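One structure below.
In our numbering, the protein residues as written are 86 to 586.
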């Protein structure tokens with residue numbers, strides 16, 4: 086019996102050694118597969134690669150350090166998946182603009198397949214590059230324009246919402262955190278387009294949904310979410326996937342309820358909003374089995390609009406308010422320009438932009454310095470490509486480090502400081518810089534860029550036309566350090582508003 090147990094342990098030990106040798110061998114073969122012209126990168130651990138070396142709480146910081154060692158194009162390995170990180174303006178210019186289609190694809194996101202982003206049903210943001218994605222993007226852009234993007238009708242809607250928000254600010258008798266009021270106001274703009282209605286700031290259900298949305302963003306940027314995306318077999322463990330996706334489920338229920346209500350009251354002869362327009366399109370192609378217009382894509386596209394149309398713009402406005410608190414001299418100069426060009430009575434319009442170079446420069450610098458989306462969503466090479474002498478095979482995940490462009494030492498005079506003069510020439514006229522790409526560029530550039538620019542200008546000028554932002558006397562000076570959770574957000578801060586009489 087003792088001999089049998091000894092033999093059993095010996096065999097188990099031998100199998101364990103063979104398994105470890107196989108893992109090392111496969112890892113070695115995998116690491117050599119890409120060839121000598123593949124971008125260099127840090128040496129990783131067997132199987133894990135560089136997963137433990139990249140700080141999941143602040144990947145841009147890790148990439149900044151690796152850039153110093155390996156240059157503007159380098160690679161990292163998550164388990165057995167190689168990813169190429171692009172850095173600096175010149176590299177992004179070649180990749181996103183000159184070679185746009187080469188990196189227009191998207192990798193798989195197993196985590197999101199649990200909330201409806203499976204197969205060809207991936208809406209706009211996560212969809213693979215191809216005819217379905219082109220069809221959905223073309224329709225969405227056309228519909229947004231039909232509902233006023235870039236037109237006077239939507240401008241008036243944004244201006245009205247900005248007035249509501251200022252009134253809500255004024256009603257706060259003491260210091261307060263503006264995060265949920267700003268989120269609500271910005272979300273109301275996209276809600277009016279997608280759902281045909283806005284929500285009162287006192288609406289508890291919608292406030293909860295905004296909190297859930299913030300929670301979902303944080304959960305999806307955490308370590309567990311990254312592990313689940315890299316090790317898809319773990320997504321079949323219900324309690325594990327629920328830890329990441331729990332906030333999503335209520336958001337999904339809300340959106341499906343809104344879509345269901347539209348379907349019950351839908352009139353093909355009267356289009357109220359984006360959902361109605363999509364239902365009209367579904368009706369047109371209902372006999373075409375190859376069309377990408379279906380209920381699953383309706384949900385996915387609406388979800389993308391709601392998410393992309395609220396989070397980034399509201400975060401940018403929170404940075405704008407924070408910078409006005411921290412730089413009162415800049416706030417005063419903006420208010421002087423508003424008083425001179427618009428006055429205190431007339432509402433701001435987009436026609437005022439050209440007459441307000443300093444205000445325009447401040448808004449652009451808020452976006453640059455706030456660095457809202459430091460790492461755009463991963464791209465995937467659509468075909469084999471060469472960039473700056475490196476060969477990158479088809480199917481390689483590409484990370485565009487936008488932070489390295491917005492804070493490129495070779496482009497900006499003071500890349501790490503809030504400095505509106507970055508966007509002013511020697512005569513004080515507004516000057517847009519080529520390296521200003523907060524919305525990314527190329528085929529995957531943000532389709533809501535025009536709407537976001539409108540919202541930022543109208544909200545910001547309405548704020549400072551009516552209010553002065555101050556740090557509460559009993560509060561310390563807020564920090565400019567960001568909090569990373571997919572986006573770079575300011576840490577919570579309180580404000581005090583003083584109406585401008």
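Beta carbons are placed, not taken as given, at the ideal position from N, Cα and C, and that holds for glycine. Computed from a prediction, not measured in an experiment: that's the story for all the values here.
In the structure shown, the three-state DSSP call for residue 485 is strand. Nearest neighbour of residue 264 by Cα position, chosen from 240, 584, 359 and 575, turns out to be 575. Closest in C-alpha terms to residue 447, from the list 456, 419 and 435, comes 419. Here residue 162 carries a strand assignment [DSSP, helix/strand/coil]. Here residue 199 is buried. Its C-beta has 16 or more other C-beta atoms within 10 Å. Looking at the DSSP output, residue 352 shares a beta bridge with 355. In this structure, the CA atom of residue 319 is about 20 Å from the CA atom of residue 135. Cβ contact annotation for residue 400 (same chain, cutoff 7 Å, sequence separation greater than five): 457, 572 and 574, in chain order. Sorting 388, 321, 405 and 246 by C-alpha distance to the C-alpha of residue 342 places 388 at the top.
Apart from the 5 residues on each side of it in sequence, residue 124 sits with its Cβ closer than 6 Å to the Cβ of 158, 159, 160, 169 and 475 in its chain, given in chain order. For the beta strand (DSSP E) assignment, the uninterrupted runs of no fewer than 3 residues enclosed by the stretch 477 to 561 are, from N- to C-terminal side, 482 to 485 and 552 to 555. Annotated three-state conformation of residue 284 is coil, per DSSP.
If you draw a 10 Å sphere on the C-beta of residue 369, you find fewer than 16 other C-beta atoms in it, and that means exposed. In this structure, residue 546 places its C-beta atom within 8 Å of the C-beta atom of residue 423. Put simply, the backbone Cα of residue 245 is about 11 Å away from that of residue 433. For residue 409, the uninterrupted alpha helix (DSSP H) segment begins and ends at 396 to 411. In this structure residue 162 is buried. Its beta-carbon is surrounded by 16 or more other beta-carbon atoms within 10 angstroms.
Linking residue 188 to residue 412 through their CA atoms gives a straight-line distance of about 39 Å. If you draw a straight line from the Cα of residue 307 to the Cα of residue 222, it is about 29 Å long. Beta bridge pairing from DSSP links residue 190 with 465. Nearest to residue 511 by C-alpha distance, out of 521, 460, 443 and 210, is 443. Within the same chain, Cβ atoms closer than 8 Å to the Cβ of residue 138 are found at 127, 129, 147 and 161, the five residues on either side in sequence being excluded.
Fewer than three Cβ pairs drawn from the stretch 533 to 543 and the stretch 495 to 503 lie within less than 8 Å of each other, which leaves the two stretches out of contact. In this structure, DSSP gives residue 374 a state outside helix and strand, which the three-state scheme calls coil. For residue 154, the enclosing alpha helix (DSSP H) starts and ends at 144 to 155. By the Cβ test, the stretch 468 to 487 is in contact with the stretch 169 to 178, since at least three Cβ pairs between them sit closer than 8 Å. As for any alpha helix (DSSP H) of minimum length 4 sitting wholly inside the stretch 280 to 324, the runs are 289 to 305 and 308 to 315, ordered along the chain. In the DSSP annotation of this structure, the continuous segment of the alpha helix (DSSP H) that includes residue 226 starts and ends at 216 to 231.
Per the coordinates, the alpha-carbon of residue 326 lies some 38 Å from the alpha-carbon of residue 408. Straight across, the Cα-Cα distance linking residue 530 with residue 249 is about 31 Å.
Linking residue 166 to residue 525 through their CA atoms gives a straight-line distance of about 24 Å.
Per DSSP, residue 182 is not a residue of any alpha helix (DSSP H), being assigned neither H nor E. For residue 332, the secondary structure class from DSSP, reduced to helix, strand or coil, is helix.
As DSSP reads the structure, residue 574 sits in a beta bridge with 568. Between residue 279 and residue 359, the CB-CB gap stays under 8 Å.
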